Amino acid sequence: MEALQGRRSLLHNVAAGGLIGAWGVQQGLLGVPFASPAFFFRYPQVTPTMAAFLVYGCGAGVMASALGGKAL
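Take the sequence shown: its letters are residues 39 to 110, numbered as in my numbering.
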């Protein structure tokens, strides 16, 4: 995405991490870290794919911000 827009962005990392995590969970290759199975029973409208996008996207954002020094 840096090549397309010509700038480094934290949001690109969040989107990429979230999409890769959601795809991995949807394909059955990954699990959702930090999410209890009870959470999905309590909130049935939240699918594991949605939770994976949030968890993996946040993880990628934290790593890009703290380790990569990328701005929003």
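Glycine included, every Cβ here is placed at the ideal spot set by N, Cα and C.
Predicted, not measured: the structure shown is a model, and the values here were computed from it.
Cβ pair residue i, residue j closer than 8 Å
| i | j | result |
| --- | --- | --- |
| residue 86 | residue 70 | yes |
| residue 52 | residue 73 | no |
Given residue i as reference, the closest of the options once Cα atoms are compared
| i | options | result |
| --- | --- | --- |
| residue 101 | 60, 54, 74, 41 | 54 |
| residue 75 | 110, 57, 90, 42 | 90 |
| residue 62 | 107, 95, 105 | 95 |
Close beta carbons around residue i, own chain, < 8 Å, minus the five adjacent residues each side
| i | result |
| --- | --- |
| residue 103 | 48 |
| residue 84 | 77, 78 |
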